[in-house]
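Colleague: Numbering (my numbering), first residue to last: 1365 to 1678.
Glycine residues also receive a C-beta, built at the ideal position from the N, C-alpha and C atoms.
1. Quick one: is residue 1595 buried, meaning 16 or more other Cβ sit within 10 Å of its Cβ, or exposed?
2. Below 8 angstroms on the Cβ atoms is my contact criterion, and I expect residue 1600 with residue 1631 to pass it. Report the Cβ-Cβ distance as a whole number of Å.
3. Just to confirm, are residue 1537 and residue 1464 a CB contact at a threshold of 7 angstroms?
4. For residue 1515, which three-state DSSP category applies?
5. When the Cα of residue 1449 is compared with those of 1642, 1522 and 1567, which residue comes out closest?
6. Please work out which residues of its chain come closer than 7 angstroms, Cβ to Cβ, to residue 1584, disregarding the five sequence neighbours upstream and downstream, and give them in chain order.
7. Evaluate contact between the region 1540-1549 and the region 1489-1498, counting only Cβ atoms and requiring at least three cross-stretch pairs below 8 angstroms.
8. Given a threshold of 16 other Cβ atoms within 10 Å of its Cβ, counted over all protein chains shown, does residue 1653 qualify as buried or as exposed?
9. Using a Cβ-Cβ cut-off of 8 angstroms (strictly less than) and excluding sequence neighbours within five positions of residue 1651, which residues of its own chain qualify?
10. Identify whether residue 1441 lies in helix, strand or coil by the three-state DSSP scheme.
11. List the whole-angstrom C-beta distance separating residue 1442 from residue 1547, where the pair is believed to meet the contact cut-off of C-beta under 8 angstroms.
12. Helix, strand or coil for residue 1651? Go by DSSP, reduced to three states.
13. Could you pull out every residue in the same chain whose Cβ sits closer than 6 angstroms to the Cβ of residue 1655, ignoring the five residues on either side in sequence?
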């Protein structure tokens, strides 16, 4: 019984294999009987190609700061607009200045009094010198007069320093832009009480020029140094620095070349890379602080490469 079942199984299996072979044979015959496929022929050619190395970089403002109030007072006027461009010295905020103007006036009055005391001390010193010369007064009174004059001179100097401090504090009631750039969101409202400990009023970042920071691996750095026949310091030289290009986040190649201006002094042992910084004029403000971009460094000389037309590639 078992032998019959085994025999039937092998008969069925053989039949199935035979059917597959027949179907495959018919398929091949059908293909061979059809028309021959068309083949496009194009000649390969040699062309000079400038190799490019690509790296991931990030925009970094040359100058960036958080603006804070240096004196305490109520915000009287906000001159800065959210996201506006500003120039060095532009007024961003105006803090109520009445108290600081009064303080300056008080310091000026103290200076006037100290100058009057100094003048009186000088007159007294002259009188004592004449009396001592005629033996009409003891020398000790002359010494006291000289000391009083020096005290009066010190009081004048202290009053002048107090005026400088008062003028400085008064100037701080106008919060100025420290450099050319673009401001962020204004963080306070008119009438708010601000001071050195109340936090930032807004941030300012410079836009032109701007840095793009990226990293090279040890082999990549060695290749570039070998190709340009220079050392690390030479890469930051205007004449020897390679051209650096930036591809913006939308894929557009920035129509401006940059140059390497900084190379770190050591390899990062955790990543095996070294940090570089390229500088771009960024006149159009296309590179933003903190934006991720693709960095390209071109080879110094083109190399002959075998090129195959796209039409010949299937």
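Modeller: So, from the listed chains and residues:
1. Start at 1 with the first residue of the chain shown, and residue 1595 comes out as number 231. So residue 1595 counts as exposed.
2. Start at 1 with the first residue of the chain shown, and residue 1600 comes out as number 236. Start at 1 with the first residue of the chain shown, and residue 1631 comes out as number 267. Not really, about 17 angstroms apart at Cβ, beyond 8 angstroms.
3. Here residue 1537 refers to the residue found at position 173 when the chain shown is read from its first residue. Here residue 1464 refers to the residue found at position 100 when the chain shown is read from its first residue. Yes, the pair counts as a contact, with Cβ atoms nearer than the cut-off.
4. Within the chain shown, residue 1515 is the residue found at index 151, counting from 1. It is helical.
5. Here residue 1449 is taken as the residue at index 85 of the chain shown, counted from 1. Closest option to residue 1449, Cα to Cα, is 1567.
6. Taking the chain shown and counting its residues from 1, the one referred to as residue 1584 is at position 220. Counting only Cβ-Cβ distances below 7 angstroms, and skipping sequence neighbours, we find 1417.
7. Between the region 1540-1549 and the region 1489-1498, the count of C-beta pairs closer than 8 angstroms stays below three; the two stretches do not touch.
8. Walking along the chain shown from the start, residue 1653 turns up at place 289. Buried.
9. Position 287 of the chain shown holds residue 1651. In chain order, 1423, 1574, 1576, 1610, 1612, 1618, 1644 and 1657 place their CB closer than 8 angstroms to the CB of residue 1651, counting only its own chain and leaving out the 5 sequence neighbours on each side.
10. In the chain shown, counting from the first residue as 1, residue 1441 sits at position 77. Correct three-state label for residue 1441: strand.
11. Working through the chain shown from its first residue, we reach residue 1442 at position 78. Working through the chain shown from its first residue, we reach residue 1547 at position 183. Not really, about 11 angstroms apart at Cβ, beyond 8 angstroms.
12. For the purposes of this step, residue 1651 is taken as the residue at position 287 of the chain shown. Residue 1651: coil per DSSP, three-state reduction.
13. Here residue 1655 refers to the residue found at position 291 when the chain shown is read from its first residue. Taking residue 1655 as the centre and dropping the five residues before and after it, the same chain places the C-beta of 1423 closer than 6 angstroms to its C-beta, in chain order.
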